[in-house]
Amino acid sequence: DAGVIQSPRHEVTEMGQEVTLRCKPISGHNSLFWYRQTMMRGLELLIYFNNNVPIDDSGMPEDRFSAKMPNASFSTLKIQPSEPRDSAVYFCASSFEAGLAEETQYFGPGTRLLVL
Amino acid sequence: KNQVEQSPQSLIILEGKNCTLQCNYTVSPFSNLRWYKQDTGRGPVSLTIMTFSENTKSNGRYTATLDADTKQSSLHITASQLSDSASYICVVSAGTYKYIFGTGTRLKVLA
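Just so you know, the sequences run in chain order B and E.
What the first sequence shows, in the numbering used here, is residues 1 to 116, in sequence order.
What the second sequence shows, in the numbering used here, is residues 1001 to 1111, in sequence order.
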C-alpha cells in the first residue's frame, strides 16, 4: 500500500484565496483525521470522520474551514478565504476502527501551506 | 484543563548514547498514551501505544514507560543512532476521539 496520500505537498497562496487540500486514506481504513501543525501550537486535531461521516469538528478553528469526505477513499479540507495565520503544515491520517485503545493512526506526508 | 507537557524541549546527544524523554499529563479521563516519532518534513509515525494497565512497552531500541498514578511517561532510547534525530511527540487520549498533544522534544544525535 502507498500509505496515506496528500496533495499538494506545498501550496503558496495569497490572503483571501480559496485553498483545497486533498487526502486519500489507506484502503480499508474507516477513520480519517485532519491535523494542523505549527511551531507555536504543535499538532492540533481539526476534524475526524468515521465511515465518511464527520464525528467531531470541534477543532475546526472557524467557519472559514470546512471538510468533506464524499467517499471512503477521498477527503478534502478547504479554507475560504485563507489568511496568513492559516500558514501551517496540514496532515491527514487514517486508521482502522478509531476509538479502540490500540488503534494506530497512519499519517500522510503533509501539505505545507503558506498564505502571503 | 487537559494538558500534556514534554521535557526537555530539545536534546543533543552523541551517537551510541542513551537518552530519556519525559511526558507529564493532566488528562481526564485517561484512555491511552502514545509516543510518535516525526522526522523533519514527514508525518508522525507511531512508536508505542499504552493503556492504563500497561507500564512498559518496547519497540526495538525504544522503550516507553507509564506511571498512571503520577501521570508520567518516559521514552527511553538505547544506543542512539543518527536516524533517531527527530521530534518525539507524546499524545494522551481522553476517551474516544479526544487527543491531547504535547509540543514534542527535538532530539539531535551527533556522530
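Backbone N, C-alpha and C define an ideal beta-carbon position, used for all residues, glycine too.
The model shown is predicted, which means the values in this text are computed figures rather than measured ones.
Discussion item. For L131 (chain B), tell me which candidate among B:I5, B:A2, B:V12, B:G3 has the shortest Cα-Cα distance.
Written reply: No answer is possible for residue 131 (chain B): the residues shown for chain B start at 1 and end at 116.
Discussion item. Would I79 (chain B) and V4 (chain B) qualify as a contact pair, given that the criterion is a beta-carbon distance under 8 Å?
Written reply: As a first step, residue 79 (chain B) is located in the first sequence; it is residue number 79 there, counting from the start. As a first step, residue 4 (chain B) is located in the first sequence; it is residue number 4 there, counting from the start. Between I79 (chain B) and V4 (chain B), the C-beta gap is not smaller than 8 Å, which leaves the two residues out of contact.
Fill in: Beta-carbon proximity check, P70 (chain B) vs L116 (chain B), cutoff 8 Å
Taking the first residue of the first sequence as position 1, residue 70 (chain B) is located at position 70. Taking the first residue of the first sequence as position 1, residue 116 (chain B) is located at position 116. No, the pair does not count as a contact, with Cβ atoms beyond the cut-off.
Worksheet item: Could you check where the beta strand (DSSP E) with E44 (chain B) kicks off and where it finishes?
Response: Taking the first sequence and counting its residues from 1, the one referred to as residue 44 (chain B) is at position 44. Counting along the chain, the beta strand (DSSP E) containing E44 (chain B) begins and ends at 42 to 50.
Practice prompt. Please classify F1052 (chain E): is it buried, with 16 or more other beta-carbons within 10 angstroms of its beta-carbon, or exposed?
Written response: Residue numbering aside, residue 1052 (chain E) sits at position 52 when the second sequence is read from its first letter. Burial call: exposed.
Discussion item. For L1107 (chain E) and L1014 (chain E), I'd like the C-alpha separation in whole angstroms.
Written reply: As a position in the second sequence, residue 1107 (chain E) is number 107, starting the count at 1. As a position in the second sequence, residue 1014 (chain E) is number 14, starting the count at 1. Cα to Cα, the separation comes out at about 11 Å.
Discussion item. Does the CB of Q17 (chain B) have a neighbour CB from chain E at under 8 Å?
Written reply: One-based indexing of the first sequence puts residue 17 (chain B) at position 17. So no, Q17 (chain B) is outside the interface.
Worksheet entry | Beta-carbon proximity check, Q37 (chain B) vs F107 (chain B), cutoff 8 Å | Walking along the first sequence from the start, residue 37 (chain B) turns up at place 37. Walking along the first sequence from the start, residue 107 (chain B) turns up at place 107. Note that the C-beta distance between Q37 (chain B) and F107 (chain B) is not below 8 Å.
Worksheet item: In chain E, what lies closer than 7 Å to L45 (chain B) by C-beta?
Response: Translated into the one-based positions of the first sequence, residue 45 (chain B) becomes position 45. Within chain E, the residues near L45 (chain B) are Y1099.
Worksheet item: For the candidate residues B:C23, B:M15, B:R64, whose alpha-carbon lies nearest to that of R9 (chain B)?
Response: The count along the first sequence starts at 1 and reaches residue 9 (chain B) at position 9. It is B:C23.
Practice prompt. List the DSSP bridge partners of N1059 (chain E).
Written response: Here residue 1059 (chain E) is taken as the residue at index 59 of the second sequence, counted from 1. According to DSSP, N1059 (chain E) bridges with E:Y1062.
Discussion item. Here's the rule I'm using: 16 or more other beta-carbon atoms within 10 Å means buried, otherwise exposed. How should I1077 (chain E) be labelled?
Written reply: Your numbering for residue 1077 (chain E) matches position 77 in the second sequence. Taking all protein chains shown into account, I1077 (chain E) has 16 or more neighbouring C-beta atoms within 10 Å of its C-beta and is therefore buried.
Item to complete: Determine the burial state of T1040 (chain E): buried for a count of at least 16 other Cβ atoms within 10 Å of its Cβ, exposed for fewer.
Response: For this step, residue 1040 (chain E) is matched to residue 40 along the second sequence. Here T1040 (chain E) is exposed. Its C-beta has fewer than 16 other C-beta atoms within 10 Å.
Worksheet item: What runs of the beta strand (DSSP E), each 3 residues or longer, lie entirely inside the segment 1039 to 1108 of chain E?
Response: Those beta strand (DSSP E) runs which fall completely within the segment 1039 to 1108 of chain E and span 3+ residues are 1045 to 1051, 1056 to 1059, 1062 to 1067, 1072 to 1077, 1086 to 1093, 1099 to 1101.
Worksheet item: Taking all protein chains shown into account, do 16 or more other C-beta atoms lie within 10 angstroms of the C-beta of A1111 (chain E), making it buried, or fewer, making it exposed?
Response: Start at 1 with the first residue of the second sequence, and residue 1111 (chain E) comes out as number 111. Exposed, because fewer than 16 other Cβ atoms sit within 10 Å of the Cβ of A1111 (chain E).
Worksheet item: At what residue ranges does the segment 11 to 42 of chain B contain a whole run of the beta strand (DSSP E), taking only runs of 3 or more?
Response: Listed in chain order, they are 19 to 24, 31 to 38.
Worksheet item: Can you tell me where the beta strand (DSSP E) with F91 (chain B) in it begins and where it stops?
Response: By one-based count along the first sequence, residue 91 (chain B) stands at place 91. In the DSSP assignment, F91 (chain B) falls within the unbroken beta strand (DSSP E) covering 88 to 95.
Worksheet item: Looking at the unbroken beta strand (DSSP E) that takes in E1005 (chain E), where does it start and where does it end?
Response: As a working note, residue 1005 (chain E) is residue 5 in the second sequence. That run of the beta strand (DSSP E) goes 1003 to 1007.
Worksheet item: Using a beta-carbon distance below 8 Å, is G1114 (chain E) in contact with chain B?
Response: There is no way to answer for residue 1114 (chain E), as the model of chain E reaches only from 1001 to 1111.
Discussion item. Does P84 (chain B) come out as helix, strand or coil in the three-state DSSP assignment?
Written reply: Residue 84 (chain B) sits at position 84 when you count from the first residue of the first sequence. Assignment of P84 (chain B) by DSSP, reduced to helix, strand and coil, places it in the helix class.
Worksheet entry | Contact list for G42 (chain B) against chain E, beta-carbon separation under 8 Å | Locating residue 42 (chain B) in the first sequence gives position 42, counting from the first residue. Ordered by position in chain E, the residues that pass the 8 Å Cβ test against G42 (chain B) are I1089, F1101, G1102, T1103, G1104.
Discussion item. For Y1099 (chain E), which residues in the same chain have their Cβ closer than 8 Å to its Cβ, ignoring the five residues on either side in sequence?
Written reply: For the purposes of this step, residue 1099 (chain E) is taken as the residue at position 99 of the second sequence. Around Y1099 (chain E): V1091, V1092, S1093.
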